[in-house]
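Here's the structure we're looking at; comments come further down.
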DNA sequence: TATACCGTAACACTATTTGTTACGCTGTGG
DNA sequence: CCACAGCGTAACAAATAGTGTTACGGTATA
């Protein structure tokens with residue numbers, strides 16, 4: 017099954033950036049994600065287009081958040097990476113004029129709309145600040161253990 | 017984005033089989049789906065394993081439903097094709113020990129569980145008989161137009 | 001026994017994501 | 001003013017998944 021991974025990876029990065037507060041280079045982010053700087057730039061570019069981060073070239077440049085983690089939801093990140101729709105209903109297109117195929121597609125479409133709504137609702141409820149808090153809390157708990 | 021298509025295609029085929037009532041060969045099903053018999057056998061084999069259809073070899077053989085369309089839900093077909101889980105949360109696995117990554121993954125997992133439940137609920141509500149009825153109705157409507 | 005089916009393995013083709021290299025542009029510090 | 005550290009982007013390789021195709025074997029029926 018498809019595993020995009022960019023959403024989780026970008027949340028990971030943004031939360032780190034928010035917690036540390038500073039600017040990060042593509043190089044350092046790439047190390048965080050076990051990948052390389054070009055992949056990072058490709059993906060971060062989408063976030064920049066949606067105003068979540070900004071980049072500066074030249075010496076001392078890098079990426080930084082444009083607003084605090086408390087004002088970024090998972091849905092914001094998702095939309096920046098992939099657009100409005102998260103789930104695509106897997107429809108068939110073998111005989112577009114066949115009423116049976118159309119009826120099957122319609123039902124699938126409705127079901128996926130319901131799932132899409134649930135997902136968007138959940139994504140909108142969660143800010144990156146929350147993710148950071150959970151991470152800090154579990155880090156504390158593990159230190160005590 | 018990923019587009020599996022097998023679910024929609026199999027619903028399409030099963031409804032046709034139910035409406036026509038008879039046995040279909042892989043060859044004829046392949047024509048319905050604009051594909052070829054081997055692909056059909058591969059996919060139908062999953063449905064057979066879950067008791068939705070049965071196959072007979074030899075002259076006059078082919079595929080047939082084991083029960084009426086009213087007793088097959090979209091969820092049944094989905095499970096036969098892919099197993100219990102429909103949606104996989106796209107998690108990251110770059111630094112499994114990083115609390116931030118884990119917190120992000122946890123939140124995504126929860127959101128996807130919510131979507132998964134919505135999807136399963138919808139899939140379970142729809143029988144293939146319903147799909148057939150809708151198809152018959154729209155076919156009628158179009159004939160009148 | 002010939003034929004019309006399914007069962008299955010093996011391989012090519014395609015599309016998508018990811019990784020990698022290369023090269024150009026820009027701003028800063030010396 | 002120039003070397004360097006950073007991003008921007010194109011181009012291409014690699015891995016993965018689904019799909020299409022060929023080939024060959026098994027089986028039931030006329």
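Protein chains in written order, with my numbering: chain H, 17 to 161; chain E, 17 to 161.
Don't be surprised by glycine CBs; every beta carbon is placed ideally from N, CA and C.
It should be emphasised that the depicted structure is a prediction, and the values quoted were computed from it without experimental measurement.
- Here residue 109 of chain E is exposed. Its C-beta has fewer than 16 other C-beta atoms within 10 Å.
- At a cut-off of 7 Å between beta-carbon atoms, residue 75 of chain H makes no contact with chain E.
- For the pair residue 24 of chain E and residue 107 of chain H, the CB atoms are nearer than the 7 Å cut-off.
- Here residue 142 of chain H is not bridged, per DSSP, to any residue.
- In this chain, the beta strand (DSSP E) harbouring residue 78 of chain H covers 78 to 81.
- In the structure shown, the three-state DSSP call for residue 62 of chain E is helix.
- Remark: C-beta atoms of residue 46 of chain E and residue 31 of chain E do not approach each other more closely than 7 Å.
- Taking residue 148 of chain E as the centre and dropping the five residues before and after it, the same chain places the C-beta of 31, 34, 35 and 85 closer than 8 Å to its C-beta, in chain order.
- Taking a cut-off of 8 Å for Cβ pairs, the stretch 123 to 134 of chain H and the stretch 117 to 133 of chain E touch, as three or more such pairs fall below it.
- Within the DSSP secondary-structure output, residue 71 of chain H pairs in a beta bridge with H:79.
- DSSP places residue 92 of chain H in the uninterrupted alpha helix (DSSP H) bounded by 90 to 98.
- Here the alpha carbon of residue 151 of chain E sits roughly 12 Å from the alpha carbon of residue 159 of chain E.
- For residue 106 of chain E, at least one C-beta of chain H is nearer than 7 Å to its own C-beta.
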